[in-house]
Structures are given as structure tokens and as C-alpha cells.
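Step one of this worksheet: look at the structure below.
In the numbering used here, the protein residues as written are 108 to 160.
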């Protein structure tokens, strides 16, 4: 959820590791957690990090 406009519409960009709000355009760094997916370790998006200015 966007911390500015509280929209749930967020796009994840795996190349830059950021979430972008589709409503207001603010960008946030992505925090990852390592977990087991289909028997293999994988990094999955966990939560929003700091806002990118």
C-alpha cells in the first residue's frame, strides 16, 4: 500500500527492485526475504522499503 495516497495499486519492477504506485507515481525500494519455493531457495518481495526521491 502506498504511504502517500494509500492506494493498493502498485507495480513491481524486478530490474530496478522498486515498487511504483500507479495512482501517484511514488517509488519505493523493495525489501526481500529468502524463502523456500518449490523446494528451492528464492528471494521474494516482502515489504516496502524507503521512498526513492
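The beta carbon of each residue, even a glycine, is placed where N, CA and C say it ideally should be.
Would you tell me roughly how many angstroms separate the C-alpha atoms of residue i and residue j, rounded to the nearest one?
i: residue 150; j: residue 113; result: 26 Å
i: residue 119; j: residue 152; result: 9 Å
i: residue 122; j: residue 138; result: 14 Å
i: residue 130; j: residue 117; result: 8 Å
Does DSSP put residue i in a helix, a strand or coil?
i: residue 115; result: coil
i: residue 123; result: coil
Grab me the residues of residue i's own chain with a C-beta within less than 7 Å of its C-beta, minus the 5 sequence neighbours each way, in chain order.
i: residue 133; result: 109, 111 and 158
i: residue 140; result: 151 and 153
i: residue 148; result: 141
Using a Cβ cut-off of 9 Å (strictly closer), state whether residue i contacts chain D.
i: residue 148; result: Given the protein chain composition of this structure (a single chain), no chain D is represented.
Counting C-beta neighbours from all protein chains within 10 Å, is the total for residue i 16 or more, i.e. buried, or is it exposed?
i: residue 128; result: buried
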